[in-house]
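Notes follow the structure.
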Amino acid sequence: MKCALVTGGSRGIGRAICEKMATMGYYVLINYKSNTDEAIRTLELVKQAGGDGELIKFDVADKEQINEVLGGWIKAKDDKLIEVLVNNAGVRDDNLMAWLKDEQWDNVINTSLNSFFYVTRLVLEGMVFNRYGRIVNVVSLSGLKGLPGQTNYSAAKAGVIGATKALAQEVGRSGITVNAVAPGFIRTDMTEGLDEKELKRNIPVNRFGTPDEVAAAVGFLASKAAGYITGEVLSINGGLYS
Ligand code: NAP
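Per this note's numbering, the very first residue in the sequence shown carries number 79; after that it's consecutive.
And the structure:
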């Protein structure tokens, strides 16, 4: 059975990606950290989309949990193969650099950058063995441009962009592509409280984006049709920055 693992699949962009993976015929592994009710809701939506899947709860910022839960799943389910990995889980914890606390730096780097390494390394072995795989990393405009108040988040996302380009070159021969999508402002819990009316003035398409619009691009990069695209970063920001 072919699976798609989506980290941070319980809400927002990750949920829309889970639904997209279901429409593409994948058995969806919905990762989340703590919000079980929302993760169950995502699984319901996956089923409504005609697919199936399961919840896989682990904290992507914790390498022991990744190895125990995801590593355990991979060992136990040798009839199932993770063909698509979407590294989507992320948090922001903003502050000006001068006031940024150690915990704020560590939390954001662990969740968005270190998770990429620990999760992807585990999944990669099966992809290499199968000589096929699609890895899509959800980064951010912040990792391309840098945003004030987000040195931690910008560094984490820029780190994933560098790793995307490097890994793409390592595994291309094995039929595996590695790409990233870089959303601008997307309507989710993460951007709740931001003033869309004010901020949209700077966005050429004059609005925030939707999770489905990000999921559509991820779906394409995860498809067989995108086999000649690797090491790319696709901006999804309504023209805000390119
Ligand atoms: P969101 O609505 O806040 O949802 C975050 C998701 O990540 C939830 O499913 C959450 O699980 C999960 N998560 C957070 N920390 C985790 C951890 N340590 N381990 C496992 N799962 C964890 O965020 P979003 O807006 O959909 O963002 C998704 C991705 O897009 C992130 O990487 C974010 O940086 C990126 N992005 C978002 C925007 C935007 O405008 N929204 C723009 C650029 C980039 P729980 O439900 O269990 O908490």
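Even for Gly, the Cβ is constructed at its ideal location relative to N, Cα and C.
A distance criterion of 7 Å places the beta-carbon of Asn284 beyond contact range of the ligand NAP, judged by its closest non-hydrogen atom. The beta carbon of Leu222 sits no closer than 7 Å to any heavy atom of the ligand NAP.
Out of Gly305, Gly250, Ala139, the CA that lies nearest to the CA of Asn185 is found in Ala139. Taken through DSSP and simplified to helix, strand or coil, Arg285 comes out as coil. A distance below 6 Å between beta-carbons, with the five flanking residues on each side excluded, links Leu272 to no residue of its chain. By DSSP's assignment, Thr255 forms a beta bridge with Arg212.
In terms of CA proximity to Met175, Ala233 leads the group Ser112, Ile160, Ser190, Ala233. In its chain, beyond the 5 residues on either side, Ala100, Tyr105, Val106, Val124 have a beta carbon closer than 8 Å to the beta carbon of Asp130.
Distances between the C-beta of Lys278 and the heavy atoms of the ligand NAP are all 7 Å or more. Under DSSP, Tyr110 forms a beta bridge with Lys135. Closest by C-alpha distance to Ala294, out of Lys98, Asn208, Ala304, is Lys98. Taking C-beta atoms as the reference points, Asp172 and Gly227 count as a pair closer than 8 Å. Between Val292 and Ala94, the beta carbon gap of about 7 Å places them in contact (Cβ cut-off 8 Å). In this structure, the C-beta of Ala258 stays at least 7 Å away from each heavy atom of the ligand NAP. Excluding residues up to 5 positions away in sequence, Leu219, Tyr231, Ser232 lie with their Cβ nearer than 8 Å to the Cβ of Leu225 in the same chain. The Cβ atoms of Val283 and Gly317 lie closer than 8 Å to each other.
Gly262 places its beta carbon 8 Å or farther from that of Ile239. DSSP places Leu159 within a strand segment (E or B) once states are collapsed to three. Tyr110 has its CB nearer than 7 Å to a heavy atom of the ligand NAP.
Exclusion of the five residues before and after Thr269 leaves Phe263, Phe286 as the residues of its chain whose Cβ lies within less than 8 Å of its Cβ. Within 10 angstroms of the beta-carbon of Asn257 lie 16 or more other beta-carbons, which makes it buried.
By the CB criterion at 8 Å, Ile134 and Leu121 fall outside the cutoff. Under the three-state reduction of DSSP output, Leu318 falls in the coil class, being neither helix nor strand. Here Val214 is not near Ala260, since their CB atoms are 8 Å or more apart. Counting only the Cα atoms, Asp180 lies some 43 Å from Gln126.
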